[in-house]
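Following: one structure in structure tokens, then a few remarks.
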Amino acid sequence: MKFNSHILSAALSVATMFSVSTWGFPLSSHVRIERTSTALRERVSDQGSQTPQNSFDSSGNLLSGGHGEAILRLGTAAKPTVWTEFSRLSQQNEVVNLGQGFPDWLPPKFAVDSLVEAALDSASYPHQYTRTAGHPNLVQQLARRYRAHLGRDIDPMTEISVTVGASQALYLCLQTLVKPGDDVIVFEPFFDLYVNQIKLAGGNPVFVPLRFVPYNEDENAISGGEWVLDPETLKQFISTKTRAIILNSPHNPTGKIFTRDEMEYIAEALELANPDCVVLSDEVYKYIVHSPPKERAAEESLFCRGHVHFASLPGMWDRTITISSAGKTFSATGWQIGWCIGPQRLMAPIHQLLPYVQFCASTVVQEGLARALPRADEPYLGHESYYDYLRAKYTKKRDQLATALKAAGFAVPDYDRTPGGGFFIFARIGKEIRDQIPASRILVKNDAAPGGVARQDWALCQWLAEERGLLCIPASPFFSLESSEAGKSDEFVRIAFCKTDETIEAAAEALSSLKTASVVPDQERKSR
Amino acid sequence: MNLRKAVLALSSRSTIHQTRSRRGCRLFSSLVLADRLQGLDRPTVWHEFSPLAAQHQAINLGQGYPEEDPPAFVQNAMHAAVYQRNANQYARSAAHMPLAHVLADDYNSKLQRTDIVAETHIATAVGCTHALYCALMGLIQARDEVILLEPAFDIYSSQVQMAGGKAVYVPLRPSSDASGASDYFQLDLEEFERAITPQTKAFILNTPHNPTGKIFSQTELEGIAEIVRKHPRITVIADEVYEYLVFDKTKEPHVPMASLLWDQTLTLSSAGKTFSCTGWKVGWAVGPPHLVQAVTAVQQWVTFSAPTVNQDAIAQALVQARQPYQGLPSYYDYLADDYHQKQQLLVEALQAAGMTPIVPAGGFFIMADTSAIEFPYPSMEKTPAMPVTPMPRDWALSRWMTQTVGVTAIPPSAFYSPENVPLAQNLLRFAYCKNAETLQEAHRRFAAYFQNQ
């Protein structure tokens with residue numbers, strides 16, 4: 044049965060994930076795990092309990108009990124992940140952490156002030172349940188902004204849903220759209236959340252690879268480049284089984300901005316898909332377009348420079364759900380306010396699920412955001428608006444990091460010729476760096492790595508964390524297993540610059556050691 | 028009192044859309060998906076009664092959220108979380124550690140254990156509702172059965188259905204003993220045991236119980252535990268959100284199920300009822316690691332984490348709540364005392380209407396016996412939300428009471444499966460998480476109507 048290996052790894056992983064503790068603490072005395080040599084099998088027994096909750100018969104089949112359907116569908120995603128593993132590394136080693144995708148500074152004052160004001164405004168009932176589909180003040184504000192973004196009238200009550208972060212917005216879209224057996228297209232590389240949410244909905248993730256085009260095509264040069272979508276590639280993978288396409292622009296992890304042409308390929312390709320196929324446009328980084336496409340100069344608006352909303356393309360409003368959130372924009376990822384915008388027929392099922400999933404998102408945070416949004420349009424610290432300030436801030440940091448990476452031997456995009464957004468640099472591992480990675484670390488067994496094996500990118504990141512005091516994220520978790528095993532992700536790492544200048548400076552210092560250090564045997568260096 | 032806000036909040040409790048898609052009545056295109064969501068697009072009791080109350084300017088004692096703001100120390104905690112503690116970025120997915128540590132301490136103390144560890148035995152979620160959603164998604168496979176006691180909070184059956192499971196109902200039956208809600212509403216343990224099949228995967232136990240106010244006694248829980256122990260496949264999901272709204276700690280204390288059946292119990296609770304902050308949405312699940320994992324494994328991919336600011340503020344609040352407050356030994360004592368007084372006000376108001384309140388041991392709802400009330404019934408009226416045809420007596424009574432007397436309650440038949448609706452005929456559920464003024468106004472209206480008949 045196809046699920047078997049997933050069940051077995053899920054079984055192992057669910058036990059190990061938290062018994063080993065994602066935070067690096069020793070195995071809890073409550074949980075005992077046994078493995079056989081032939082199959083991953085586990086018995087989890089709690090102290091004092093007579094019968095294990097999750098057990099297997101002698102053929103390795105899961106006995107009744109144990110995991111629910113969600114865990115079975117997640118399969119290997121219920122085991123240690125790149126996130127749990129690199130969090131552990133950050134806890135156990137002193138590192139400059141450029142892995143996590145969240146800022147290490149406070150949100151802007153007007154935003155935190157807005158939240159506190161909301162909490163103090165008794166008359167508006169900020170502390171009790173609010174409308175399940177979204178707090179009225181907030182949806183009014185969102186409708187106002189999206190009218191300008193999309194050039195159409197947006198009904199705040201029927202065309203907007205507020206969720207716990209963009210993650211949940213995407214989750215609910217998939218829950219309402221996808222039935223078991225449906226295909227959902229993601230562009231590779233992709234944010235791994237997408238794939239796991241597709242699995243939770245019972246769908247099949249279908250990977251449409253973006254093609255890396257180096258500036259210097261010479262085989263012996265390792266240069267930066269750009270990632271492109273070929274229309275023919277997309278057409279290969281799209282079919283009447285395709286129920287949704289997840290578009291992420293600006294793109295995590297590459298920072299790519301999908302061009303207008305590429306968006307039009309997608310719009311055209313929809314003709315080949317299921318007539319009910321919907322594009323889920325994840326736009327959480329849209330206010331961080333640090334290098335806008337030149338051809339868009341004519342379209343620039345104060346509102347959202349350099350970003351094209353897919354839903355604004357001709358005919359696309361009816362087939363798109365636009366997803367975004369406050370977290371990246373306001374440097375407040377812990378607020379967890381997201382939303383989706385779309386035609387009523389697509390929003391209505393989400394409105395129906397929301398009461399049962401958590402009833403409503405936090406009222407006080409929604410009210411805080413509703414107050415912060417108009418303030419963000421006002422002049423801020425010498426800039427025309429907070430959004431302008433944000434973009435300028437990230438551009439400087441991008442440059443600071445890019446300089447350090449190049450000096451250390453990484454190849455990065457040239458932002459004068461390649462548009463970019465978001466706060467990650469998808470850097471290519473240069474030869475000199477590659478040669479420094481201890482060979483004993485490459486292609487070794489590692490439970491958290493894709494396929495259970497640490498390839499070059501993973502090995503580099505683990506070595507950098509344990510030996511060089513710098514934490515970045517390997518590229519392989521953003522690729523399908525097939526692609527990473529074929530080596531497509533070997534050369535890339537994702538490095539965040541949503542960090543204070545001091546942090547980036549410290550990273551630069553750690554990186555500079557790559558240029559000068561000779562290879563030192565692992566045993567001679569201790570983690571602290 | 029803010030009727031408009033109430034309507035807004037509760038009329039969205041079921042967000043129906045009357046305009047149907049041109050594609051036909053199906054809003055969902057797949058049979059499998061439609062099965063799971065079947066019935067979830069029907070209007071619910073909230074959608075009917077909140078607008079009705081507003082329309083008639085009735086005192087709305089139907090809605091279950093407080094009129095009070097959270098206490099100052101809780102609001103200050105949010106202030107500190109935002110400004111001083113910088114809780115503005117993603118929390119650890121399973122649970123924000125400061126909150127997990129406080130919960131581990133609290134539960135070790137409550138359950139008299141020492142082995143609850145923050146990193147492995149605690150999950151937090153966006154309110155208890157969300158913790159329950161994740162738990163069911165993580166534990167239930169298609170066609171698994173989940174036992175619910177009736178009357179049951181309506182979200183339970185919907186979530187069981189969404190997880191692909193099947194709800195099996197065991198009713199709490201009225202007994203002739205009238206000494207209070209815990210004795211009045213009885214669980215027949217044999218009936219409970221008969222409901223268990225090889226497909227039974229979970230049992231949702233809500234104590235203190237909404238809507239009855241019953242607190243399950245040590246004896247009852249021991250009886251349940253003995254039965255469940257024979258079926259290691261079953262997880263008891265204990266929804267204990269009203270755990271601090273307990274009025275006689277000596278005679279009827281709250282007994283945590285986990286203190287009797289640790290290995291098979293996942294304990295859920297939240298901050299909302301305790302700190303009058305239902306809009307903050309901070310809930311949690313506590314138990315042995317293999318059960319807590321069901322919540323965290325799902326949550327990682329659904330929301331990633333619950334909002335940090337709220338979690339951090341509640342972490343602080345839970346510590347401060349242990350301190351003396353307003354002359355009482357702790358905030359929890361103050362809370363119980365405050366609600367006890369409000370309960371008294373409502374009891375008197377209900378008696379003025381000729382109803383017999385079945386006095387609750389916990390929570391903030393009262394079920395009242397309405398057999399003595401005369402009003403036009405049976406009713407030929409039909410509403411989309413009513414559970415059976417013809418309109419059940421309690422449903423019709425609640426409508427009549429809203430329109431004629433000016434007080435709104437919730438008809439408990441909304442919390443029963445269709446075949447058990449008759450058990451609710453002579454009952455209404457009233458909430459007393461309201462200001463004293465609101466409760467006194469209800470009293471005035473009852474007296475004005477019923478004492479003039």
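In order, the protein sequence lines correspond to chains C and H.
Per the numbering used here, the first sequence runs over residues 44 to 571.
Per the numbering used here, the second sequence runs over residues 28 to 480.
Here a beta-carbon is modelled for each residue, glycine too, at the ideal position from N, C-alpha and C.
Source: prediction; values computed, not measured.
For residue i, which three-state DSSP category applies?
i, result
"C161 (chain H)", "helix"
"T383 (chain H)", "strand"
"S532 (chain C)", "coil"
"K152 (chain C)", "helix"
"A497 (chain C)", "strand"
"C541 (chain C)", "coil"
"L455 (chain H)", "strand"
"D171 (chain H)", "coil"
"P198 (chain H)", "strand"
"F391 (chain H)", "coil"
"G19 (chain H)", "The shown model of chain H, from 28 to 480, leaves out residue 19 (chain H), and the question about it has no answer."
"E367 (chain C)", "The sequence as given places Ser at residue 367 (chain C); Glu does not occur at that position. In the structure shown, S367 (chain C) sits in a strand (DSSP, three-state: E or B)."
"Y423 (chain C)", "strand"
"T173 (chain C)", "coil"
"L355 (chain H)", "strand"
"K122 (chain C)", "coil"
"T446 (chain C)", "helix"
"G377 (chain C)", "helix"
"P76 (chain H)", "The sequence shown places Phe at residue 76 (chain H), rather than the Pro named in the question. In this structure, F76 (chain H) counts as helix in the three-state DSSP scheme."
"L513 (chain C)", "strand"
"A399 (chain H)", "coil"
"G463 (chain C)", "strand"
Below 7 Å, is the gap between the Cβ of residue i and the nearest heavy atom of the ligand NAP?
i, result
"G530 (chain C)", "Only the bare structure without any ligand can be found here, which leaves the ligand NAP out of the picture."
Please classify residue i as buried or exposed, where buried requires at least 16 neighbouring CB atoms within 10 angstroms.
i, result
"T151 (chain H)", "buried"
"L486 (chain C)", "exposed"
"R254 (chain C)", "exposed"
"E75 (chain H)", "buried"
"K542 (chain C)", "buried"
"L424 (chain C)", "exposed"
"T6 (chain H)", "No information on residue 6 (chain H) is available, as it lies outside the stretch 28 to 480 that chain H covers here."
"P392 (chain C)", "buried"
"N259 (chain C)", "exposed"
"V139 (chain C)", "buried"
"D544 (chain C)", "exposed"
"V374 (chain H)", "buried"
"G144 (chain C)", "buried"
Please compile the residues from chain D whose C-beta is within a distance smaller than 7 Å of the C-beta of residue i.
i, result
"Q211 (chain C)", "The question asks about chain D, but that chain is absent: this structure's protein chains are C and H."
Touch test, the segment 112 to 120 of chain H against the segment 367 to 384 of chain C, Cβ-Cβ under 8 Å, three pairs minimum: yes
Listed in chain order, which residues of the segment 231 to 259 of chain C have Cβ atoms closer than 7 Å to some Cβ of chain H? L236, N239, Q240 and L243
Near-chain C residues of the segment 104 to 122 of chain H (beta-carbon distance less than 9 Å), N- to C-terminal order: M105, H106, V109, Y110, N113, A114, N115, Q116, Y117, A118, R119, S120 and A121
Unbroken beta strand (DSSP E) runs of length 3 or more, entirely within the segment 197 to 267 of chain C: which are they? 203 to 206, 226 to 231, 247 to 252 and 254 to 257
Would you call the segment 327 to 338 of chain C and the segment 286 to 297 of chain C touching, i.e. three or more CB-CB distances under 8 Å? yes
Quick test of the definition: if touching needs 3 or more C-beta pairs under 8 Å, does the segment 321 to 338 of chain H touch the segment 360 to 373 of chain C? no
By the 8 Å beta-carbon criterion, what residues does the segment 400 to 427 of chain C contribute toward chain H? V400, Q401, F402, C403, A404, S405, T406, V407 and V408
Using a Cβ cut-off of 9 Å, which residues of the segment 111 to 142 of chain C contact any Cβ in chain H, in chain order? G111, E112, A113, I114, L115, L117, A120, A121, T124, W126, T127 and S130
Quick test of the definition: if touching needs 3 or more C-beta pairs under 8 Å, does the segment 213 to 230 of chain C touch the segment 269 to 285 of chain C? yes
Starting from the N-terminal side, write out each stretch of the beta strand (DSSP E) that is 3 residues or longer and does not extend beyond the segment 294 to 348 of chain C. 321 to 325
Identify every run of the alpha helix (DSSP H) within the segment 295 to 352 of chain H, keeping only runs that are complete inside it and at least 4 residues long; order them along the chain. 316 to 329 and 335 to 347
Determine which residues of the segment 353 to 386 of chain H have a Cβ less than 8 Å from any Cβ of chain C, and write them out in chain order. none
Any residues in the segment 159 to 181 of chain H with a beta carbon nearer than 9 Å to a beta carbon of chain C? Which ones, in chain order? Y160, C161, A162, L163, M164, G165, L166, I167, Q168, A169 and D171
According to a CB-to-CB cut-off of less than 9 Å, which residues of the segment 290 to 311 of chain H neighbour chain C? D290, Q291, G299, F302, S303, C304, T305, G306, W307, K308, V309 and G310
Please determine if the segment 94 to 106 of chain H and the segment 163 to 171 of chain C are in contact, where contact requires at least 3 C-beta pairs separated by less than 8 Å. yes
Cβ pair count under 8 Å reaching 3, the segment 432 to 444 of chain C against the segment 358 to 367 of chain H: no
The segment 184 to 216 of chain H: which residues have C-beta closer than 8 Å to a C-beta of chain C, in chain order? S185, Q186, M189, A190 and G191
Relative to chain H, which residues along the segment 354 to 377 of chain C have a C-beta separation below 7 Å, given in chain order? A375, T376 and G377
Is the segment 144 to 160 of chain H close to the segment 303 to 323 of chain H, with three or more CB pairs under 8 Å? yes
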